[in-house]
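Numbering (the working numbering), first residue to last: 515 to 1019.
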């Protein structure tokens, strides 16, 4: 009898562990999809965590009304968590372009999942209250619950998304949930009522999830085809982002987390404006540092200067740099710049890398993604620019992509003002890129002697930039913003500006 009870208790605690693990995975999947499809990962994750925790509380409250057939109910909840959570990513991908109330569906699914997960701990404690000492019961239940949550939070970014992708991850954990329900049905059949019906539900649910898992690539291709409206020639999920390359009659387009990164039709305007002013102005340009720019397009432009002896590229995402080293379409576009012997690639966080760097650079080109969240906002902070200042040679010049001065003037001038606190000279300029509109840059010099209108070197054959810096240096009234704060680590005001301005669009 004792061994039988221990098996009973262990199986139910294993179910709690599974629901906790899978429940958190479903929450992370929802947050990741929300940030992929809606942008602003900080806000989306914050809202989803809040809704999920609230709904768990709702589920816990209503658990007191479940007094009959509690073990059956527990198994059915395990099945429902697997179905709802497992299929949630599929539903969200398929409905993103078709339903006007996408966010309502997103939070509704999070709410339902949270309610079901919230039901399981009180329900389990009611099942075991007459069989286990209260002290041991509480300790064991919450231990399994929290260990499951920890496991999910570790596995999700490091293993699951890179290996399975977001959609398959949710389906895989849905099958795990339902598998536990099947195990309970067979091993606790003497404790359950209408066990054959429960088995049918569990096995049927598992088969459904398995079929969807097998065809998940086709479903994803279909949904992304609708989302982008273009032929998708490559798609992949890395630890940090979803990469999609599309093609139409006129160009290739790269999307990162649903945000357009570049169009092959006009990226030359952006990259020539980013690279060639700073390369012309710098008194010396032998040792060049590129932060971000994992596509190698900025490096392509730098390599046009024979004076350059070494280029160091620091980009967080190894999946991104590997793609642009190996994909024939993309290596044709960047002229195989990332495999050039002058180029060294480091896949590290630029913030941490800069702090430990002992080298000095003549030119620094900062091509980070826009500051849409706090992890990116720190790379535009006063603290980061002070760190960057330390890796510059005596007369070094720095350029930073600074978002759009037309669509986001507060964000643009916030970066500019923050850099003024660190560098001797700071100026701004902008260029028109058809895929993005007016796009801005901030240029800074370590020395007071540097003249931004000087041309110390140039290359021929550029399609856009003509080495007349002053022509890009004029800003009309609708691109000016005043009363801007400095972006510090402890206020991250830039992220707020960016969210307010781009959120309107």
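Glycine is no exception: its CB is placed at the ideal position from the N, C-alpha and C atoms.
Identify every run of the alpha helix (DSSP H) within the stretch 677-760, keeping only runs that are complete inside it and at least 4 residues long; order them along the chain.
As far as the stretch 677-760 is concerned, its whole alpha helix (DSSP H) runs of at least 4 residues are 709-728 and 730-742.
Mapping the DSSP letters down to three states, classify residue 573 as helix, strand or coil.
Of the three classes helix, strand and coil, the one that applies to residue 573 here is helix, per DSSP.
Could you tell me the distance, in whole angstroms, from the CA atom of residue 991 to the CA atom of residue 918?
Using only the alpha carbons, I get a separation of about 14 Å.
Do residue 695 and residue 589 have their beta-carbon atoms positioned less than 8 Å apart in this structure?
Taking 8 Å as the Cβ cut-off, residue 589 and residue 695 qualify as a contacting pair.
Is residue 786 helix, strand or coil by DSSP?
The answer is helix: DSSP assigns residue 786 an H, G or I state.
Pick out whichever of 928, 879 and 597 has its Cα sitting closest to the Cα of residue 718.
Here the closest residue by C-alpha is 597.
Does the distance from the C-beta atom of residue 910 to that of residue 936 stay below 8 Å?
In this structure, residue 936 does not lie closer than 8 Å to residue 910 by Cβ.
Please classify residue 908 as buried or exposed, where buried requires at least 16 neighbouring CB atoms within 10 angstroms.
That one is exposed.
Taking the beta carbon of residue 657 as the centre, do at least 16 other beta carbons fall within 10 Å, making it buried, or is it exposed?
Result: exposed.
DSSP three-state call for residue 1005: helix, strand or coil?
Here residue 1005 sits in coil by DSSP.
Does the structure place the stretch 952-965 close enough to the stretch 815-823 that three or more beta carbon pairs sit under 8 Å?
Counting Cβ pairs under 8 Å, fewer than three are found: no touch.
Whose CA, out of 578, 848 and 924, lies closest to the CA of residue 635?
Residue 578 is the option with its Cα nearest to residue 635.
Can you tell me whether residue 860 is helix, strand or coil according to DSSP?
Note: residue 860 maps to strand in three-state DSSP.
Can you check DSSP and say which residues form a bridge with residue 952?
DSSP, once it has assigned bridges, lists 946 as partnering residue 952.
Return the first residue and the last residue of the beta strand (DSSP E) that residue 835 is part of.
First-last for residue 835: 832-840, but that is the alpha helix (DSSP H), not the beta strand (DSSP E).
If you reduce the DSSP assignment to three classes, tell me which class residue 808 lands in.
Three-state result, residue 808: coil.
Just to confirm my understanding: we take residue 567, look at its own chain, exclude 5 residues before and 5 after, and list those with CB closer than 8 Å. What are they?
Cβ neighbours of residue 567 beyond the five flanking positions: 628.
Measuring alpha carbon to alpha carbon, tell me which residue in 829, 830, 831 and 853 is nearest residue 840.
Nearest option by C-alpha distance: 853.
Alpha carbon to alpha carbon, what distance is there between residue 776 and residue 673?
C-alpha separation (whole angstroms): 28 Å.
Between 792, 653 and 543, which lies nearest to residue 464 when the distance is taken from Cα to Cα?
Only positions 515 to 1019 of the chain appear in this structure, which leaves residue 464 out of reach.
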